[in-house]
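For the sequence shown, counting from 1, position 243 maps to 388 in the numbering used here; every step adds exactly one. All remarks here apply to the structure that follows.
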Amino acid sequence: MHDLPLLINISIALAAAFVGGLFARRVKLPAIVGYLLAGIAIGPFTPGFVGDTDTISQLAELGVIFLMFGVGLHFSFSDLWKVRKIAVPGAILQMILGTLAGYVLSQLWGWSSSAGITMGLGISIASTVVLLRGLMDNNLLNTPHGRVAVGWLVLEDLATVLILILMPALAPQSGAFALSSLGLTLLKAGAFVVLMFLVGKRFIPWLLDRMAHTRSRELFILAILVITLATALGASEIFSVSLALGAFVAGAIVSESPLSHQVGADVLPFREAFAVLFFVSVGMLVNPIFLVQHLGQVFVLTLVVVLGKILINLLIGFLIPGQAKTFMVVAAGLSQIGEFTFIVGQAGLMLGLLDRNQYSLILAAALLSITVNPWMFKLIPKAEQLLKGIPWIWKRLDRHAVPETSDDKPGINPVVLVGYGRVGGHLLSVLRSMDIPVKVIEADVELVEMLNNENIPVLYGDAANSEVLTHAHLEHAKALVVSVPEEAATELIVSAAHDTNPNLPIIARAATEEGIHRLTELGASFVVHPELEGGLEMVRHTLLELGLPRREVDEYAEQVRTKRYEAMNEYSSAQPLVRNILRAIGEIEISWIEVPDDSPLVGHTLAESDLRGKTGASVVALVRDQKLNANPKSSTMFQAGDRIGIIGDTAQIFAVEAFLLSGE
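Spelled out as structure tokens, the structure:
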């Protein structure tokens with residue numbers, strides 16, 4: 146039998162994490178709780194299988210690298226700027242007060258100053274993963290309050306990077322703090338950042354663009370991994386700064402590339418897998434026996450993290466003008482600590498700022514704070530009612546400063562089109578001609594460049610990966626049209642889109658008749674089978690050329706559609722209505738005709754033109770300046786460029802067209 150310690154440790158760690166994560170989600174807790182419990186289960190302090198701590202810790206370093214790369218990739222100064230008036234001073238004050246609270250508690254326990262500062266910094270930073278999950282579960286993510294909370298945390302993420310830069314210099318140097326070491330650390334970090342933004346900002350996007358043009362997904366993914374790992378290792382080995390800083394800067398530079406959304410999608414599996422190992426490795430450091438022996442300290446520290454941070458954030462609401470609910474959402478969402486606390490704690494452990502028992506206390510508080518965090522959101526309505534009952538507090542807390550959260554204008558929500566092929570291209574042309582805003586998602590980089598040159602909003606990436614699809618902001622879209630020919634990809638897109646916005650109209654393309662049923666079950670509003678539609682049109686035109694009445698031909702076509710699309714209940718129930726309309730209309734057609742500039746109709750009213758008396762057709766609508774006038778009055782005067790809706794048979798329609806040109 147082969148001796149494969151690395152493979153065995155990875156397999157056991159991932160299997161334990163899977164079981165723990167599944168259990169956590171079943172009891173409606175964040176999966177992180179399950180990963181930490183999995184680490185405790187296979188750690189050296191519990192019976193049964195004991196994982197190799199050193200091996201899993203080295204793999205966990207990759208988790209830190211990919212986590213920080215993701216932070217840099219999604220870091221946005223523009224998002225932070227929109228909520229700057231509340232998020233920037235609020236986050237700074239909260240971190241200062243949170244660090245101070247942790248430091249004071251540590252001194253009461255007799256810890257060293259360095260350990261106290263490290264713990265204070267650790268508990269002042271909330272978990273991005275837990276916050277986003279809480280906001281999404283409570284439908285707060287896309288509200289002004291949720292956006293302030295996210296901006297607040299963005300600043301904390303940035304502060305985490307600075308903390309990791311400074312921590313090596315804060316480590317004991319011959320028993321004293323070395324100011325020269327701090328200056329050297331900042332100088333090296335500054336040199337690294339300047340070099341990356343001068344050289345890397347040009348080279349990295351260029352390299353990704355070249356890899357995209359190779360049309361090789363493997364090379365593109367390899368390029369991302371090489372950029373991420375090489376930058377992190379280079380920062381550590383050459384500039385003596387943390388791997389985390391190198392990964393963050395790499396992500397921030399890649400975010401400037403138009404391909405950043407696809408980069409985020411491709412790196413997501415690596416980030417998630419190694420992040421799981423990171424959380425497992427953190428759990429392996431927890432000594433349950435020590436925690437049982439120090440339950441009092443665990444309870445007090447958890448109270449400081451949960452209730453202490455809630456009180457701090459509400460107190461900040463008295464100092465910064467804003468809406469009361471905004472500070473309540475921030476207080477609830479940030480009343481926990483998670484992955485960045487673990488990163489700071491591990492750095493403190495390696496630098497000798499913390500011992501294992503102190504780190505175990507912090508981890509236990511993190512575990513408990515994450516566990517109770519979902520209930521903090523449930524308490525917001527009750528807290529709001531309670532504070533409203535104390536007028537002087539509510540008046541001070543709720544000063545109605547509406548945060549600047551979005552530059553989007555109402556009424557311009559786009560139709561999202563996935564796939565710019567022949568079908569998608571035709572639809573895009575039609576929608577643009579009608580001045581309907583469209584956003585395209587396309588995986589062919591050359592088509593993306595062409596659309597960019599035409600100033601058409603476009604995202605580069607594989608929409609079957611939900612990470613790319615989220616950047617289309619489907620919660621604000623008018624409709625989603627999926628025109629990609631691959632049915633498996635269409636099913637993934639429709640499923641992810643329906644989960645994101647259950648009320649979004651989704652028009653999807655099916656490659657098979659079985660696909661019609663599957664796409665409907667996954668949430669598609671309408672499914673089109675191109676081969677069926679093409680065949681029906683050929684049959685329809687053939688029967689019309691053979692002289693069969695139009696209404697019988699159209700009724701036959703609709704009956705075929707009803708049978709084939711029977712999975713679509715809403716569409717099927719509409720078929721009798723469609724057939725009744727067809728019977729009523731018979732040979733009558735409705736057409737839209739534009740009034741030419743030189744038409745003799747220009748300057749005359751509908752009554753003066755007497756179109757119905759001269760042609761037999763009736764004017765039933767008029768569109769002018771993109772406004773519809775249904776059933777225009779007889780006094781309506783025609784203008785050049787008007788589009789008039791005419792109802793009549795074929796001969797009458799031709800008569801109207803002739804009259805518009807010649808007046809005869």
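Note that beta-carbon positions come from the ideal geometry of N, C-alpha and C, so glycine has one too.
Check	Outcome
Span separating the alpha-carbon of Ala205 from that of Val425	8 Å
Sequence-distant residues of its chain with Cβ nearer than 6 Å to Ser402 (five each side left out)	Pro350 and Leu353
Residue from Thr373, Ile461 and Ala392 with nearest C-alpha to Leu310	Just to set this straight, residue 310 is Ile in the shown sequence, not Leu. Closest option to Ile310, Cα to Cα, is Ala392.
Ser514 beta carbon less than 8 Å from that of Val450	yes
Buried or exposed (CB count within 10 angstroms, at least 16 for buried), Asp644	exposed
Straight-line Cα distance separating Leu677 from Gly748	47 Å
Spatial neighbours of Ser257 in its chain, beta-carbon cut-off 7 Å, leaving aside the 5 residues before and after	none
Ser480 beta carbon less than 8 Å from that of Ile455	yes
Heavy atom of the ligand NAD within 7 Å of Ala492 beta-carbon	As for the ligand NAD, it is missing from this structure, which has no ligand bound.
Cβ-Cβ distance between Tyr201 and Ala158 below 8 Å	What sits at residue 201 in the sequence shown is Ile, not Tyr. It is a contact, given that the beta carbons lie within the stated cut-off.
Residue from Lys778, Leu573 and Leu167 whose Cα sits closest to the Cα of Val561	Leu573
Rounded separation between Asn600 and Val593 - CA only	10 Å
Host alpha helix (DSSP H) of Glu587 (start-end)	No alpha helix (DSSP H) contains Glu587, which is instead part of the beta strand (DSSP E) from Val583 to Glu587.
Rounded distance between the beta-carbons of Val344 and Ile372, thought under 8 Å	Actually they do not touch by this definition, with Cβ atoms about 13 Å apart.
Minimum length 4: unbroken alpha helix (DSSP H) runs contained in the segment 751-782	751-754 and 756-760
Other residues of its chain near Ser670: CB distance less than 6 Å, five sequence neighbours each side excluded	Pro650 and Ile651
Glu620 and Val274 closer than 8 Å at C-beta	no
Any C-beta of chain C under 8 Å from that of Thr516	Checking the listed chains, one finds no chain C in this structure; it contains a single protein chain.
Leu379 to Tyr565 span [Cα, whole Å]	It is Gly, not Leu, that sits at residue 379 in the sequence shown. Using only the alpha carbons, I get a separation of about 40 Å.
Whole-Å CB distance - Met264 paired with Ile507, under 8 Å assumed	6 Å
Secondary structure of Gly793, DSSP reduced to three states	strand
Endpoints, beta strand (DSSP E) assigned at Leu604	Val603 to Tyr605
Run of the alpha helix (DSSP H) containing Leu572, from where it starts to where it stops	Arg567 to Ser578
Coarse secondary structure for Asn383, derived from DSSP in three states	Checking the displayed sequence, the identity of residue 383 turns out to be Ile instead of Asn. Residue state, collapsed to three classes: coil.
As assigned by DSSP and simplified to three states, the class of Ile525	helix
For Pro414, the nearest candidate out of Pro777, Ile661, Gly184 and Gly215 (CA to CA)	Gly215
Residues near Val688 in its chain [Cβ-Cβ closer than 7 Å; skip 5 each side]	Reading off the sequence shown, one finds Leu at residue 688, where the question assumed Val. Closer than 7 Å at the Cβ level, and outside the excluded window around Leu688, lie Val698.
Integer Cβ distance of Ile434 from Phe194, believed to fall under 8 Å	In fact, because the Cβ distance is near 18 Å, the residues do not count as touching under 8 Å.
Nearest-angstrom Cα separation, counted from Lys470 out to Asp543	8 Å
Rounded straight-line distance, which links the Cα of Ile465 to that of Ala162	42 Å
Alpha helix (DSSP H) segments (min. 4 residues) lying fully within the segment 418-505	433-438, 440-448, 454-464, 469-478 and 484-495
DSSP three-state assignment for Arg654, whether helix, strand or coil	strand
Straight-line gap, Thr635 to Leu367 (C-alpha atoms, nearest Å)	26 Å
Contact set for Tyr504: own chain, Cβ-Cβ below 7 Å, skip 5 residues either direction	Leu430, Gly490 and Leu494
Validate contact between the segment 754-766 and the segment 790-805 using beta carbons, cut 8 Å, 3 pairs	yes
Alpha-carbon to alpha-carbon, Glu703 and Arg170	46 Å
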